[in-house]
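Below is one structure, written out as structure tokens; comments come after it.
Number of protein chains: 4
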Amino acid sequence: MTVMEMIASNPTAAAVEPTALADAVEAVLECSQACTACADACLGEEMVAELRECVRRCLDCADVCSATVSVLSRQTAVDLGLVRVLLEACVVACKRCAAQCEEHAAMHAHCGVCAESCRRAEAAARALLESVRDGGVPQPEPVGDAGDLGA
Amino acid sequence: MTVMEMIASNPTAAAVEPTALADAVEAVLECSQACTACADACLGEEMVAELRECVRRCLDCADVCSATVSVLSRQTAVDLGLVRVLLEACVVACKRCAAQCEEHAAMHAHCGVCAESCRRAEAAARALLESVRDGGVPQPEPVGDAGDLGA
Amino acid sequence: MTVMEMIASNPTAAAVEPTALADAVEAVLECSQACTACADACLGEEMVAELRECVRRCLDCADVCSATVSVLSRQTAVDLGLVRVLLEACVVACKRCAAQCEEHAAMHAHCGVCAESCRRAEAAARALLESVRDGGVPQPEPVGDAGDLGA
Amino acid sequence: MTVMEMIASNPTAAAVEPTALADAVEAVLECSQACTACADACLGEEMVAELRECVRRCLDCADVCSATVSVLSRQTAVDLGLVRVLLEACVVACKRCAAQCEEHAAMHAHCGVCAESCRRAEAAARALLESVRDGGVPQPEPVGDAGDLGA
Chain A
0 MTVMEMIASN PTAAAVEPTA LADAVEAVLE CSQACTACAD ACLGEEMVAE LRECVRRCLD
60 CADVCSATVS VLSRQTAVDL GLVRVLLEAC VVACKRCAAQ CEEHAAMHAH CGVCAESCRR
120 AEAAARALLE SVRDGGVPQP EPVGDAGDLG A
Chain B
0 MTVMEMIASN PTAAAVEPTA LADAVEAVLE CSQACTACAD ACLGEEMVAE LRECVRRCLD
60 CADVCSATVS VLSRQTAVDL GLVRVLLEAC VVACKRCAAQ CEEHAAMHAH CGVCAESCRR
120 AEAAARALLE SVRDGGVPQP EPVGDAGDLG A
Chain C
0 MTVMEMIASN PTAAAVEPTA LADAVEAVLE CSQACTACAD ACLGEEMVAE LRECVRRCLD
60 CADVCSATVS VLSRQTAVDL GLVRVLLEAC VVACKRCAAQ CEEHAAMHAH CGVCAESCRR
120 AEAAARALLE SVRDGGVPQP EPVGDAGDLG A
Chain D
0 MTVMEMIASN PTAAAVEPTA LADAVEAVLE CSQACTACAD ACLGEEMVAE LRECVRRCLD
60 CADVCSATVS VLSRQTAVDL GLVRVLLEAC VVACKRCAAQ CEEHAAMHAH CGVCAESCRR
120 AEAAARALLE SVRDGGVPQP EPVGDAGDLG A
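Protein chains in written order, with numbering that gives the first Met the number 0: chain A, 0 to 150; chain B, 0 to 150; chain C, 0 to 150; chain D, 0 to 150.
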């Protein structure tokens, strides 16, 4: 698979566990697309006025997932403090979007598909976050006082 | 697969051939991630100074692919004129990035993987573009005079 | 202003006219944000069901403008063929979004503000596109046969 | 100014203090562009091999700032929990990028300009974050158990 091949061929070893990293990149990438598509599908529904919150959760989740994939795809001079707080944001975005879409899954198939994608992304991001926190991974020297942000 | 499920469950039928659309979304989405990863891998290479053009092609390709996936993922009130010119930009970006990465594929495995991903995305975007141009697809009423842009 | 300072301090001279480039970056950047905001404002309107096309035009325009700004912000190893076709896509996206928003400008102030931002971005992108086409600018050696795309 | 006009004309009142919001959107938007440009300028420097960490900080900061601007630009059904953790990520990204660029500001003017832009964005994001935390703002009902993420 392309994602793992790119991780393995980078001249810099991944600062996090490669399989957890590849799983997260793949799941979060898929989620980003699903959320963009679900926001559009909700917009096209007759009852769009009742789906505003769902559109919002999907648009936010797509944006956060997209940024998360980009940051996770880089292995040069990684900043684990940023990776951690961005994964936290990604988990929040996926969880809230999943919860919202699940409410409409019975009525709108796209919400069901999107919710499942969000749950996979949430789980993969959370697993990666836990592996980073466990600290088996060497930390880069801290830059500034980011610690005050819980990062 | 999630992409096709989202296409099929959108309340608005796709304005382009669904299989060609799903193929393009999947290939261009994968390419966007591969290019972000390849730009980083090139940056980490000892000979980075000789890989500047490759980094540039990858960064541009990632950005254009990402925008293309977002626009292709929407089916409500599609603007085929925009889809067409954006697919053209996507084909150019993928082709140039592939050509550049192919030059270093023997030396850098990540460039080989990235080039293959770009070629798949180029082919899928081109196939979708041709199906849109063939005009089996009903056109939305034109807004303004976009035709002067070859769109 | 930051945009022009960044252009002027890049070790590689801009491949396009710097003032036209800075104008385009600033206008297209502003437009991208305005379109994201207008899509959201339309979504929040009571008559959202009648604003679907407007939301769609805004979301697409935001994505295309965002990619355009990123590509225009780079001066290393520029690919003018890609710059040209991407500017064309940007002009189309801005023009269509402006036309759509102008229809609701009397009723929704956000559509009026967004339309004006789109028109400024369209004009700036068009001016830059024309300067690139005029060819006072030296062309990089072509990579592949992109010419068949009108790029 | 466009950003404030869009905030004021949204049918949904901003869930955060409008002036702090507008300041953050403007500063973070500008920072995103400056970081994209600085990554490219560093790439073009003769000593690019010594600027790898700077390129990385800039690319990450651009991605996180871009997502942050998009989420901040929406006022419909806001999720303050996500806004908070994303602002934290934004502060971290801006701070680390500024610290890195400041090290090269004397040698590379683009790093100096970028560092200043990052510091403005960091300050504006931090100010907005503090206003959100102060809780003068009504909270939306929590979805799920996001609290365990410090969000």
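Where a beta carbon is used, it is the ideal one built from N, C-alpha and C, also for glycine.
Check: Of the listed residues C:77, C:122, C:129 and C:119, nearest to residue 92 of chain B (C-alpha basis); Outcome: C:77
Check: Residues of its chain near residue 63 of chain B, where Cβ-Cβ distance is below 6 Å and the 5 sequence neighbours each way are ignored; Outcome: 88, 89 and 92
Check: Contact list for residue 51 of chain C against chain A, beta-carbon separation under 9 Å; Outcome: 42, 43 and 47
Check: Nearest-angstrom beta carbon gap, residue 127 of chain A and residue 19 of chain A [assumed within contact, 8 Å]; Outcome: 5 Å
Check: Three or more C-beta pairs below 8 Å linking the segment 11 to 27 of chain C and the segment 94 to 114 of chain C; Outcome: no
Check: Three-state secondary structure assigned by DSSP to residue 14 of chain B; Outcome: coil
Check: Secondary structure, alpha helix (DSSP H): runs of 4+ residues fully inside the segment 16 to 79 of chain A; Outcome: 17 to 43 and 51 to 71
Check: Residue 109 of chain C (DSSP reduced to helix, strand or coil); Outcome: helix
Check: Check: residue 56 of chain D C-beta below 7 Å from any heavy atom of the ligand GDP; Outcome: As for the ligand GDP, it is missing from this structure, which has no ligand bound.
Check: CB contact below 8 Å: residue 35 of chain A versus chain D; Outcome: no
Check: Interface flag, residue 99 of chain A vs chain B, CB-CB below 8 Å; Outcome: no
Check: CB contact below 8 Å: residue 54 of chain B versus chain D; Outcome: yes
Check: C-beta atoms of residue 33 of chain B and residue 116 of chain B nearer than 8 Å; Outcome: yes
Check: Through-space distance from residue 68 of chain A to residue 84 of chain C, alpha-carbon basis; Outcome: 26 Å
Check: Proximity test, Cβ basis, 8 Å: residue 65 of chain D and chain G; Outcome: Within the model displayed, chain G is absent; protein chains A, B, C and D are what it includes.
Check: Residue 72 of chain B versus B:16, B:21, B:124 and B:132, residue with shortest Cα-Cα distance; Outcome: B:21
Check: Through-space distance from residue 113 of chain D to residue 31 of chain D, alpha-carbon basis; Outcome: 10 Å
Check: Within-8 Å CB hit, residue 111 of chain C to chain B; Outcome: no
Check: Contact set for residue 40 of chain D: own chain, Cβ-Cβ below 6 Å, skip 5 residues either direction; Outcome: 109
Check: As assigned by DSSP and simplified to three states, the class of residue 103 of chain C; Outcome: coil
Check: Within-8 Å CB hit, residue 122 of chain B to chain A; Outcome: no
Check: DSSP three-state assignment for residue 0 of chain B, whether helix, strand or coil; Outcome: coil
Check: Cβ shell of residue 97 of chain A (< 6 Å), same chain only, five flanking positions each side left out; Outcome: 114, 117 and 118
Check: is_contact[residue 129 of chain C, chain B] using C-beta, thresh 8 Å; Outcome: no
Check: Where residue 48 of chain D falls, given that 16 or more other Cβ within 10 Å makes a residue buried; Outcome: exposed
Check: Given residue 58 of chain A as reference, the closest of D:75, D:42, D:94 and D:28 once Cα atoms are compared; Outcome: D:75
Check: Within chain D, partners of residue 69 of chain A - CB distance below 7 Å; Outcome: 62
Check: Residue 45 of chain A classed as buried or exposed, judged by whether at least 16 other C-beta atoms fall within 10 angstroms; Outcome: exposed
Check: Contacts around residue 125 of chain C, its chain only, beta-carbon distance under 7 Å, and the 5 residues preceding and following it disregarded; Outcome: 90
Check: Proximal residues of chain A, C-beta to C-beta of residue 4 of chain B below 7 Å; Outcome: 112
Check: 9 Å Cβ cut-off: residues of chain A touching residue 115 of chain D; Outcome: Under the 9 Å cutoff, chain A gives no residues; its nearest Cβ is about 16 Å from residue 115 of chain D.
Check: Alpha-carbon to alpha-carbon, residue 132 of chain C and residue 130 of chain D; Outcome: 48 Å
Check: Other residues of its chain near residue 42 of chain A: CB distance less than 7 Å, five sequence neighbours each side excluded; Outcome: 54
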